[in-house]
Each structure stands twice: as structure tokens, then as C-alpha cells.
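Novice: Counting from 1, position 42 in the sequence shown corresponds to residue 1064 in our numbering; the numbering is continuous, with no gaps.
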Amino acid sequence: MSIFTNPDDVASLLAMSVFKTHPAFSGVLPSEDEAWAALLAAEADAQRRLRVFLEPTVMVPSQAPPPEIDALENAGTKYALEAPSEYEAETFSNTFFGCVETKQRPIVRGSITSIRFVYPGPGTAVFEVPAEWIRPELKYGLIHLIPTGLASYGPMNAFVLQALTGRKTVPMMIEVRYTAGLTDAHGLWPDVVDTVKKMAVLRLIEGAFPAQSASISADGLSQSASVDTSKYSDMIDKKISTLKDALWGVRVGVL
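1) For Ser-1255, which of helix, strand or coil comes out of DSSP?
2) Which runs of the alpha helix (DSSP H) spanning at least 4 residues fall entirely within the region 1026–1064, listed in chain order?
3) Using three-state DSSP, classify Thr-1079 as helix, strand or coil.
4) Is the separation between the beta-carbon of Val-1192 and that of Tyr-1109 shorter than 7 angstroms?
5) Nearest-angstrom Cα distance between Ala-1037 and Pro-1052?
6) By Cβ distance below 8 angstroms, which residues in the same chain neighbour Ala-1207 in space, the five residues on each side in sequence not counted?
7) How many angstroms separate the CA atom of Asp-1267 from the CA atom of Met-1257?
8) Would you kindly work out how many angstroms separate the C-alpha atoms of Val-1082 and Lys-1253, rounded to a whole number?
9) Report the residue from Pro-1144, Arg-1138, Val-1148, Thr-1146 whose alpha carbon sits nearest the alpha carbon of Ile-1156.
10) Verify whether the separation of the beta carbon atoms of Leu-1103 and Ile-1129 is less than 7 angstroms.
11) In three-state DSSP terms, what is Arg-1071?
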């Protein structure tokens, strides 16, 4: 699956002026198959560098039962496995509202299907959070758990869980089922799509003309052409950094 599902995506890539002017191609366009392969590779690369799925992806606990995984695969649903989060007693107590941070963002609106506290094994739920308690910050992957009315954390109370586990922290205890990723990359994030296309162009240039310089002969004339992709690569790096700030928020370092 890919964000590029329209045949015109390849045509628009090959129509870019760089293929007519760059010495790597000498007027000969890459094939549609080459362009398509470059688009897919660039999309995968951008997804890793941005740390964001470019299309909606169902997040499934890594300890999910095989039938659940089989159902997703049979339906052709894009999914990814995610390790459950750690439980910390200080976060769930009588003096704090709970908060769970997902490992992927943004969360797709209305996609959180369940939040379960499991112990001692993945098949044993100590507590399932009521849907009306869930208050997500979709962009930043934060899920606030706010008991409604006079309700309390009840069986999720820190003292009870600590008594069950004997510890203040329990790894891989909080399972969240949700969908993450960009819901309409072409419509809402055209700069992401544009960056992926530029990354694909760079791949095609490097594949067609990997040498830094070469001699080109045409019509009995020869000329030397210099190819330096580092500036183009630096431009893409800056675009990726800007997009990452937009998707994840500005990163702040503490000295």
C-alpha cells in the first residue's frame, strides 16, 4: 500500500523539469517502472525519517492473538505491531489524572478502540478504560484518562495495582488499540508528498549518473558535465527537518 495510488503520480513525477535539463538523463526519461520503484523507496525512506506513517495504519499490541492478526491481513488492512506501554504508579493515583503516550502519531480521530491494563499476561485484563474517560490529543499522541462524574480509577487505582504486582512500575502493561498516520497526505500535507517526490528524483539521478563528473558526447560534440547531488540532498534534509517539527512539535534540547 502507498499514498501514490493514482497513475498520474508517476506521470507528474516524470514531467518534472529536472529530467529534461539534468545532464544525467540527456533527454532520456526514466521508465515508468523505474519511477514507480523510486517513489515507493522514497516513501518508505520518508516514513522512517519522519517517524510517521504516511497513511492510516492500525496499531496492534505486539502480543495480540494470531486470529486478530490474521483478520487484518485477510482484510488487506495496513497494520503495525506496537509494544504495550509501561505502567507507572505515580501517573495513576488519587492525586493525578492518568495519561498514556502512544508510540505513533498523529492518532486518527475516533480510532481508539480500547485501552486495557493487562497483568500478568496479555490475555488477562485487569482493567479496561471506559470510552467516556478517553481525552486524546491527536496530533501529539497523548491520551488523557479523565474519570467522568463521581467515578474513580477503581480497580486501576495505584494502590490496588501495586498490591497486585508488588511494584510501582510494570513493563508492557498498557495496551492501546488505535490507528495512527496521515489521513489525507495529498490534501492536508502536500508538502510531505512534494518532499517524497523530490527524494524519488534524487534516487533516479543517483541511479542514472552516480559519478561526480562525466563526459557526454552528442552530435559529434563533447562536453564535461559535473553532477553534485549533495546540495539537492541537503535541501531534502532541511525539508525533512521542517516537516518533522510540524508533525512532532519543535524539538528542544536541554543543556
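For each residue, glycine too, the CB sits at the ideal point set by N, CA and C.
As the structure is a prediction and not an experimental result, all values here were calculated from the model.
Specialist: So, from the listed chains and residues:
1) Correct three-state label for Ser-1255: helix.
2) As far as the region 1026–1064 is concerned, its whole alpha helix (DSSP H) runs of at least 4 residues are 1030–1036, 1040–1043.
3) If DSSP states are grouped into helix, strand and coil, Thr-1079 belongs with the strands.
4) Going by C-beta atoms, Val-1192 is nearer than 7 angstroms to Tyr-1109.
5) In this structure, the alpha-carbon of Ala-1037 lies about 11 angstroms from that of Pro-1052.
6) Listed in chain order, the non-local C-beta contacts of Ala-1207 below 8 angstroms within the same chain comprise Ile-1025, Leu-1076, Glu-1077, Val-1214, Val-1215, local neighbours out to five positions each way being set aside.
7) Near 16 angstroms, if we compare the C-alpha coordinates of Met-1257 and Asp-1267.
8) In this structure, the alpha-carbon of Val-1082 lies about 40 angstroms from that of Lys-1253.
9) Selected option, being the one with the closest Cα: Arg-1138.
10) In this structure, Leu-1103 keeps its C-beta atom at 7 angstroms or more from the C-beta atom of Ile-1129.
11) Arg-1071 carries a helical assignment under DSSP once its states are collapsed to helix, strand and coil.
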